[in-house]
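Numbering-wise, UniProt numbering puts 172 at position 172 of the sequence shown, and it's gapless, one number per residue.
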Amino acid sequence: MRTPLNAIAKNRRSYDQYTVESIAFESVPGFFVYGSLYRPVNGPAKQAGVLCPHGHWKGVSGGRFRSDHQHRCATLARMGATVFSYDMIGFGDSEFLGWDHQHPQVFQLQTWASIRAVDFLESLGDIDSERIAVTGASSGGSQAFLLTAVDDRIRVSVPVAMVSAHFFGGCDCESGCPIHLTPDLETNNVEIASACAPRPMLLVSVGGDWSKNTPEVEFPYVKHVYELFGSDSLVENSHFPDEGHDYGPSKRQAVYEFLVKHLDLDSSNVLDSKSGLFDETTNTIESTETMRVFADASELPEHALPPGSLIGLERSSEASGKENSSLSPSN
Ligand SMILES: [Zn+2]
């Protein structure tokens with residue numbers, strides 16, 4: 001059930017062609033989703049919206065605080081998109097305020113947070129509902145194609161270094177319920193990602209992880225599904241055989257080009273005509289302290305649920321999927 005988001009926006013910062021605000025909203029009453037909202041300066045009256053989940057990369061400057069993640073969000077904002085980057089449970093401000101990623105409802109809460117993040121974008125009042133996209137790498141890629149599969153409001157999807165026929169991560173946040181009905185597998189992430197058809201999708205894959213077979217295995221399958229819709233021109237694969245598991249500069253270049261094309265972004269002030277590259281050098285990389293929503297837990301609204309609370313979601317008794325506990329989580 002959709003309940004009021006009660007969004008809180010704090011500490012608006014102004015940079016070259018874009019602004020950033022620290023955001024909290026309630027995906028369910030008392031349970032907060034934390035993030036950063038990037039907006040273009042003098043952007044179009046109706047703007048594309050892009051959700052950016054971050055993946056399992058941890059550390060003091062991990063999650064949505066990573067510099068490569070900030071580059072992605074800032075560059076898209078400079079091209080006229082409103083971008084929302086949001087914490088997984090137990091990462092970023094969620095971790096800072098006491099939540100652990102090993103929450104028994106992590107899959108449901110994170111998927112619901114993604115759906116509510118679309119609601120949040122729409123609540124801003126100037127987002128073009130025909131141009132909403134999601135992109136993330138690793139488990140952020142899982143969040144991207146899972147949201148795309150369940151929410152038709154997502155019109156463009158770009159999962160990076162994740163979609164694989166033989167591996168789906170290993171963390172409950174990627175395979176809870178269990179959505180793949182293991183151990184013998186009823187489905188896999190290639191089929192789930194194909195639910196994006198006939199909407200535009202770019203699969204970014206690399207030689208250094210479980211997406212290494214994409215040009216020969218996963219992409220031909222996905223393309224066939226798109227052919228059934230007569231829309232095979234809308235699905236693409238950018239493969240980097242010599243690269244590893246990240247959302248690094250070369251992947252971002254490919255993703256920018258795809259999103260400019262399918263979200264009708266304005267690259268005129270970002271795309272360098274000589275090099276043919278999208279210029280990220282004017283982005284400002286913020287410190288973790290600057291990006292925090294609340295300085296500490298005392299700033300939270302009084303009705304905020306204590307860390308670790310079980311949330312009143314339907315089917316919550318089925319929340320814990322232990323089928324992959326022997327695997328290492330993907331990033
Ligand atoms: Zn996880």
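We treat Cβ as the ideally placed atom computed from N, Cα and C, and that holds for glycine.
query: Cys177 CB to nearest heavy atom of ligand 1 below 6 Å; result: no
query: Reference Val28, options Ser175, Ala7 and Ala193, closest by Cα; result: Ala7
query: Reference Arg78, options Val293, Leu277 and Asn269, closest by Cα; result: Asn269
query: Limits of the alpha helix (DSSP H) - the one that Thr288 falls within; result: Thr288 to Met291
query: Whole-angstrom distance between Val20 and Lys10, CA atom to CA atom; result: 9 Å
query: Three-way DSSP call (helix, strand, coil) for Arg131 in this model; result: strand
query: Proximity to Pro53 [Cα-Cα], best of Ala81, Leu300, Pro40 and Val134; result: Val134
query: Phe240 versus Phe258: straight-line alpha-carbon distance, rounded; result: 16 Å
query: Any non-hydrogen atom of ligand 1 closer than 6 Å to Cys173 Cβ; result: yes
query: contact_flag[the region 147-163, the region 277-296] where n(CB pairs < 8 Å) is 3 or more; result: no
query: heavy atom of ligand 1 below 6 Å from Phe139 C-beta; result: For the sequence presented, residue 139 should be read as Ser rather than Phe. Correct: Ser139 has its Cβ closer than 6 Å to ligand 1.
query: 6 Å CB neighbourhood of Tyr221 in its chain, flanking five on each side removed; result: Val190
query: Those runs of the alpha helix (DSSP H) which lie wholly inside the region 47-102 and span at least 4 residues; result: 67-78 and 92-96
query: Nearest-angstrom Cβ-Cβ length linking Thr75 and Glu280, presumed shorter than 8 Å; result: 5 Å
query: Spatial distance of Leu265 from Glu186 (CA atoms); result: 39 Å
query: Nearest to Arg39 (by Cα), restricted to the options Glu174, Ala113, Leu121 and Ile89; result: Leu121
query: Option in Arg13, Tyr34, Leu5 and Phe96 with minimal Cα separation from Asp296; result: Phe96
query: Delimiting residues of the alpha helix (DSSP H) encompassing Phe25; result: Segment Tyr18 to Val28 is the beta strand (DSSP E) holding Phe25; no alpha helix (DSSP H) there.
query: Nearest-angstrom beta carbon gap, Arg116 and Leu5 [assumed within contact, 8 Å]; result: 7 Å
query: Segment contact, 8 Å Cβ cut-off, at least three pairs: the region 175-185 with the region 194-207; result: no
query: Sequence-distant residues of the same chain with beta carbon closer than 7 Å to Leu277, five excluded per side; result: Gln253
query: Exposure label - Gly98; buried when at least 16 CB within 10 Å; result: exposed
query: Opening and closing residue of the beta strand (DSSP E) in which Tyr34 lies; result: Phe31 to Pro40
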